[in-house]
Amino acid sequence: MPKPLWLVRPRPDGGCDYVSFLPAQGPIGATTVEMREGSHLPPQLPLLKHRKRLGAEEAESFRLRLQLESGFLSCEPLF
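Under the working numbering, the sequence shown has 29 at position 29, and the numbering climbs by one with no breaks.
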């Protein structure tokens, strides 16, 4: 997962839940992925619920699970 990726799931209230995967540098040059989970209901500011760093393989596995089991779809960055 070398480039930023955003996943979004619409909510009935007009907002959406989102998960973003952003490349980050880990210790000693190791590539990690920062995963941010939150929600957004325009015109309010986005709410960040969780943030964590994952290895690239773990992030890819988590992305697949979100898309297959939780109904998230790939999209352009929200903000």
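All residues carry an ideal CB built from backbone N, CA and C; glycine is no exception.
All values derive from a computational prediction rather than experimental measurement.
C-beta atoms of residue i and residue j nearer than 8 Å
i: Asp13; j: Leu45; result: no
i: Phe72; j: Arg9; result: yes
i: Arg63; j: Leu7; result: yes
i: Ala24; j: Arg53; result: yes
Extent of the continuous alpha helix (DSSP H) run through residue i
i: Arg63; result: 56-69
Same chain, Cβ closer than 7 Å to residue i, five either side skipped, listed in chain order
i: Gly15; result: Ser39, His40, Leu41
Where residue i falls: helix, strand or coil (DSSP)
i: Gly38; result: strand
i: Arg11; result: coil
i: Gln44; result: coil
i: Phe79; result: coil
Close Cβ partners of residue i (< 6 Å) along its chain, the five nearest in sequence each way excluded
i: Leu47; result: Gly38, Ser39
i: Pro4; result: Leu22
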